[in-house]
Amino acid sequence: MTLSPLNALVLRTSLPVMFGYLPLGAAFGVLFSELGYHWLYATAMGLFIYAGAGQFLAVGLLANQATLAEMAVATLLLNSRHIFYGLSLISRMPNRGWRRLYQIFGLTDETYSLITATPLPANIDPGQFQLRITAVNQLYWIIGCTLGAWLGSQLEFSTAGIAFVLPALFMVLTIEQYKHLRDIRPFIAALTIGLGTLLLISREQMLLIAILLSLSALMMQYAARRPRKEPDA
Amino acid sequence: MNEFWTLSSVIALLAGVTFLTRALPFMVLGRVADHPLLEHLGRFLPPIVMVLLVIYSFKHDVAFSLNFLPELGCLLLVTVLHLAFRQALISIVGGTAMYMLLVQMGVG
Chain A
1 MTLSPLNALV LRTSLPVMFG YLPLGAAFGV LFSELGYHWL YATAMGLFIY AGAGQFLAVG
61 LLANQATLAE MAVATLLLNS RHIFYGLSLI SRMPNRGWRR LYQIFGLTDE TYSLITATPL
121 PANIDPGQFQ LRITAVNQLY WIIGCTLGAW LGSQLEFSTA GIAFVLPALF MVLTIEQYKH
181 LRDIRPFIAA LTIGLGTLLL ISREQMLLIA ILLSLSALMM QYAARRPRKE PDA
Chain B
234 MNEFWTLSSV IALLAGVTFL TRALPFMVLG RVADHPLLEH LGRFLPPIVM VLLVIYSFKH
294 DVAFSLNFLP ELGCLLLVTV LHLAFRQALI SIVGGTAMYM LLVQMGVG
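Chains as they are written, first to last, in our numbering: chain A, 1 to 233; chain B, 234 to 341.
What follows is the structure in structure tokens.
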């Protein structure tokens with residue numbers, strides 16, 4: 001079997017993502033299997049949702065019996081970090097129609113970085129390359145989720161404590177946010193608001209209340225520091 | 234059957250919300266995304282949400298007592314590993330393995 005130059009490039013480029021997505025997807029699958037649901041649901045989540053942190057959060061929300069509204073708000077805010085960097089891709093996506101829709105659906109952190117960071121030789125069509133990279137990455141993820149969930153339902157050894165992958169993942173994302181932002185204030189504010197809500201207001205509704213409090217604080221801060229410049233002309 | 238409908242609605246909802254956040258920059262024009270309030274929120278909301286999610290994961294355990302020490306210790310391990318190697322997988326697996334060890338030895 002010989003690979004076309006396009007497919008060879010796609011496989012070579014996506015190899016690091018494979019090494020990331022297979023084990024991380026499998027970790028999600030094992031965690032998901034703790035909930036006691038059929039492993040096919042883990043496959044369905046990889047197929048239809050396809051979001052690393054989002055799927056881990058979903059396990060936590062399902063385990064805590066969160067309401068649908070709580071799930072929607074939490075996921076929306078978790079993903080809010082993505083909203084801004086998609087803008088830089090608009091002019092670099094040649095595909096149209098279903099190909100474009102699928103590419104937007106599959107725009108994970110890793111796919112984004114491969115698409116923006118890989119220099120293409122002249123004989124490679126950018127649209128085809130982007131589409132295949134997106135599809136191959138999702139395939140790695142679905143295989144990881146499925147294997148993990150299936151293995152998790154078969155395993156004999158004790159998985160007690162494995163739910164720690166969730167806070168561990170969020171801790172890693174927190175550190176990445178700090179490296180990016182280099183400003184300690186929002187982290188201290190969040191710690192104060194989060195613990196305050198949990199200990200003083202409500203344990204069950206902690207996430208929603210703390211997020212709303214943070215959002216109000218940010219808006220007030222924005223209103224307060226914004227320079228007034230109305231009657232200019 | 235009940236389980237099927239519950240999980241299907243959860244999956245459909247999360248699929249919709251996730252797609253929405255990915256499609257948003259392609260739908261709104263640059264002008265709206267440039268609004269300074271959105272920039273302000275886009276800058277400070279993500280780090281706040283991450284910290285809140287860490288706390289949320291322990292919402293049934295957080296307390297000012299020694300019982301919470303294993304969780305704090307393992308979070309610290311995740312932090313140290315991540316600052317040292319900056320490989321998400323190493324940090325997550327290292328911290329989780331340590332926590333599982335502690336829990337299964339009866340410490341957690």
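Where is the CB? At the ideal position from N, CA and C, for every residue including glycine. Every value quoted in this text rests on a predicted model; they were computed, and no experiment measured them.
Check	Outcome
Thinking C-alpha only, which one of A:Ile124, A:Phe157, A:Gly46 and A:Arg96 is nearest A:Thr108?	A:Gly46
How about B:Leu246: is its C-beta nearer than 8 Å to some C-beta of chain A?	yes
Suppose contacts are defined by Cβ-Cβ distances below 8 Å. Is B:Pro280 in contact with A:Ala122 by that definition?	no
Shortest alpha-carbon distance to A:Leu114 belongs to which of A:Ala44, A:Arg92 and A:Arg96?	A:Arg92
Determine the DSSP secondary structure at B:Gln320, reduced to helix, strand or coil.	coil
Taking a contact to mean a Cβ-Cβ separation below 8 Å, would you say A:Gly25 touches A:Gly144 in this structure?	yes
On the DSSP letters alone, give me the boundaries of the alpha helix (DSSP H) that B:Glu236 sits inside.	Asn235 to Met260
Closest to B:Val313 by C-alpha separation, out of A:Val10, A:Asp125, A:Leu155 and A:Glu176, would be which residue?	A:Glu176
If you reduce the DSSP assignment to three classes, tell me which class A:Ala233 lands in.	Residue confidence for A:Ala233 is low, a pLDDT of 42 falling below 50, so the modelled location carries little weight; the figure read from the coordinates is stated next. Residue state, collapsed to three classes: coil.
Comparing alpha-carbon positions, which option in A:Gly52, A:Arg132, A:Thr146 and A:Pro186 lies nearest A:Leu11?	A:Arg132
With distances taken between CB atoms, is the gap from A:Trp150 to A:Tyr21 smaller than 8 Å?	no
Do we get a CB-CB distance below 8 Å when we pair A:Gln65 with the residues of chain B?	no
Can you confirm whether the stretch 65-83 of chain A touches the stretch 238-256 of chain B when touching is taken to mean that 3 or more C-beta pairs between the two stretches lie within less than 8 Å?	yes
Consult DSSP for A:Thr2 and reduce its assignment to one of helix, strand or coil.	coil
Can you tell me whether DSSP reads B:Ile325 as helix, strand or coil?	helix
Just the C-alpha distance for B:Met260 and A:Ile104, rounded to the nearest angstrom, thanks.	11 Å
Kindly give me the distance between the Cβ atoms of B:Leu285 and A:Gly54, rounded to whole angstroms, as I take these residues to be in contact under 8 Å.	15 Å between Cβ atoms; not a contact.
Identify the contact partners of B:Val340 in chain A, using a Cβ-Cβ distance below 9 Å as the criterion.	In chain order: nothing, as chain A lies at least about 10 Å away.
Considering only C-alpha positions, which residue in the set A:Gln138, A:Tyr102, A:Gln65 and A:Phe19 is nearest to B:Gln320?	A:Phe19
Tell me which same chain residues have a C-beta within less than 7 Å of the C-beta of B:Phe301, skipping the five on either side of it?	Asp294 and Val295
According to DSSP, is B:Pro303 helix, strand or coil?	helix
Take the Cβ of A:Gln138 as the centre, count every other Cβ of all protein chains shown within 10 Å, and call the residue buried at 16 or more, exposed below.	buried
Note down, in chain order, every chain B residue with its Cβ under 8 Å from the Cβ of A:Ile162.	Thr329 and Met333
Can you confirm whether the stretch 316-332 of chain B touches the stretch 163-172 of chain A when touching is taken to mean that 3 or more C-beta pairs between the two stretches lie within less than 8 Å?	yes
Below 9 Å on C-beta distance, what does B:Ser242 contact in chain A?	Leu68
Of all the CB atoms in chain E, is at least one closer than 8 Å to the CB of B:Ser298?	Here the protein chains are A and B, and chain E is not one of them.
Residues of chain A with CB closer than 7 Å to the CB of B:His315, please, in chain order.	Val172 and Ile175
With a Cβ-Cβ cutoff of 8 Å, do A:Thr116 and A:Thr134 count as a contact?	no
Three or more C-beta pairs under 8 Å: does that hold for the stretch 28-47 of chain A against the stretch 180-188 of chain A?	no
Taking 8 Å as the CB-CB cut-off, is A:Arg203 touching chain B?	yes
Comparing C-alpha positions only, which one of B:Ala330, B:Val282 and B:Thr239 sits nearest to A:Leu213?	B:Val282
With C-beta atoms as the reference, is B:Met333 less than 8 Å away from A:Ala160?	yes
Using only CA atoms, which one of A:Glu204, A:Gln65, A:Pro119 and A:Ser202 lies nearest to B:Thr239?	A:Gln65
On a CA-only basis, which of B:Glu236, B:Leu247 and B:Leu274 is nearest A:Asn181? Give me that one, please.	The question names Asn, but residue 181 of chain A is Leu in the sequence shown. The shortest C-alpha separation from A:Leu181 is found at B:Leu274.
Tell me which residues share the same chain as A:Phe32 and place their Cβ nearer than 6 Å to its Cβ, disregarding the 5 neighbours each side in the sequence.	Ala42, Val59 and Ala149
Answer yes or no: do A:Ile124 and B:Thr329 have a C-beta to C-beta separation smaller than 8 Å?	no
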